[in-house]
Amino acid sequence: MRSGLPARDPGPSRTGTAASADAPVRATAAHRQRWVVETMAVAPDDQVLEIGCGRGAAVSLVAGQFTTGRIVAIDRSATMVRIATRRNLSHISAGRAEIRCVGFDSANLPADRFTKIFAVNVSLFWLGDAAQQVARIRSLLAPGGRLYVFGERPTVAHATANLTATELLLASHGFATTRSSATRGQGQVLTCVTGTPIAAQT
Ligand SMILES: C[S@@+](CC[C@H](N)C(=O)[O-])C[C@H]1O[C@@H](n2cnc3c(N)ncnc32)[C@H](O)[C@@H]1O
Numbered sequence: 001m002r003s004g005l006p007a008r009d010p011g012p013s014r015t016g017t018a019a020s021a022d023a024p025v026r027a028t029a030a031h032r033q034r035w036v037v038e039t040m041a042v043a044p045d046d047q048v049l050e051i052g053c054g055r056g057a058a059v060s061l062v063a064g065q066f067t068t069g070r071i072v073a074i075d076r077s078a079t080m081v082r083i084a085t086r087r088n089l090s091h092i093s094a095g096r097a098e099i100r101c102v103g104f105d106s107a108n109l110p111a112d113r114f115t116k117i118f119a120v121n122v123s124l125f126w127l128g129d130a131a132q133q134v135a136r137i138r139s140l141l142a143p144g145g146r147l148y149v150f151g152e153r154p155t156v157a158h159a160t161a162n163l164t165a166t167e168l169l170l171a172s173h174g175f176a177t178t179r180s181s182a183t184r185g186q187g188q189v190l191t192c193v194t195g196t197p198i199a200a201q202t
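Each residue of the sequence shown is one higher than the one before, starting from 1 at the first, in the UniProt record's numbering.
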C-alpha cells in the first residue's frame, strides 16, 4: 500500500535557496531564520557553530542574543561569505561572530567546544558521506551540547520523510532525537531534528 510519502527525501524546496532576491523570498527567509533562532533558544553565553550560513541572516539573529557568546559560521561559497560578512560587520568587529569561507570537511574546528551546532537547508545531511560528517559534528560538541538540523520542505509528506531520514541518521551516531516543525503560508513546512549525544556506557 502506498504511504503517500516520497520514497526518499527530495531535498530543500526551491524557496529555501538563497538564489532569488525578490521580496517574497526575502520575507520567507526572514521567517525561517526567526523560527530557527527561537527553536534553538540561544543563550547569551552560547558557543555556536553554523554550517552553511549562506547570506548570514541567522548569524545576525544569533549574535544579537550574545553577551559573552560567540558564533563561528562557515560556508564553502565565497560569494555567500562576502555577503554574510558585509551583513555582520558589527558583530565581527565586536568579537561575537567569525565567518569563514571553507567546506565543513576541511574546516579546522576545535573539538568539544560548541554548545550548539546548526545547519539550515544544507545538503550535508542528506547527500554524500553524511555519516562521517555527523560523527565529526558529534566530536565538536561540548558536553551537554546539541545539534540542530533544520530543513524546509514543500509539503507535509516531504517534511515527514525528511524528519524521519534525519532522525535515523542522527540515531545511528548515538544521538537522542526530538523533532519539531512549523507550517506557514503556501504550504511550506519548516523542520528541525534536535540531536543530543547519548553518553557512552562504560
Ligand atoms: C540552501 S543554502 C542555505 C543557506 C542558509 N543556511 C539559509 O537557510 O538561507 C545552503 C548553503 O550551504 C552551503 N554549504 C553546503 N554544503 C556545505 C559544506 N559541506 N560546508 C560548508 N558550506 C556548505 C552552500 O554554499 C550554501 O550557501
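By construction, the Cβ of each residue, glycine as well, lies at the ideal position given by its N, Cα and C atoms.
Bear in mind the structure is a predicted one, so any value in this text is a computation, not a measurement.
Here's a check: name, in chain order, each residue in its chain whose Cβ is nearer than 8 Å to the Cβ of residue i, leaving out the five neighbours to either side.
i	result
Glu98	Arg70, Ile71, Val72, Ala73, Ile92
Leu124	Ile51, Gly52, Phe104, Ala130, Gln133
Val59	Glu50, Cys53, Ile71, Ala73, Ala84, Arg87, Asn88, His91, Ala97, Ile99
Gly174	Arg138, Pro197, Ile198, Ala200
Would you say residue i and residue j are within 8 Å of each other, going by their C-beta atoms?
i	j	result
Glu50	Phe104	no
Ile198	Ala176	yes
Val134	Leu170	yes
Thr191	Thr178	no
Arg55	Ile83	yes
Work out the CA separation of residue j and residue i for me, nearest whole Å.
i	j	result
Ser106	Arg76	10 Å
Ala159	Thr196	21 Å
Leu61	Gln33	8 Å
Thr85	Val102	14 Å
Met40	Met80	23 Å
Arg153	Glu38	19 Å
Arg136	Ala111	9 Å
Val36	Leu127	22 Å
Arg138	Ser172	12 Å
Lys116	Val149	11 Å
Val42	Leu147	13 Å
Per the DSSP calculation, residue i is bridged to which residue(s)?
i	result
Ala97	Ile71
Ile117	Leu49, Leu147
Arg87	Bridge partners of Arg87: none, in fact.
Phe175	Pro197
Leu190	Glu152, Ala182
Leu141	Phe114
Enumerate in chain order the residues of its own chain whose CB-to-CB distance from residue i is below 7 Å, with the five nearest sequence positions on each side excluded.
i	result
Ala63	Ile71, Asn88, His91, Arg96, Ala97
Phe114	Gln47, Val48, Leu49, Leu140, Leu141, Ala142, Gly145
Thr183	Val189
Ala29	Ala57
Val156	Val189
Pro44	Gln65, Phe66, Thr67, Thr68, Gly69
His31	Arg184
Ser180	Thr39, Cys192
Glu167	Thr177, Arg179, Val193
Ala78	Cys101
Ala94	none
Ignore the nearest five residues each way along the sequence and tell me which others in residue i's own chain have a CB closer than 6 Å to its CB.
i	result
Gly52	Asp75, Ala119, Val122
Asn162	Asp9, Gly151, Arg153, Thr191
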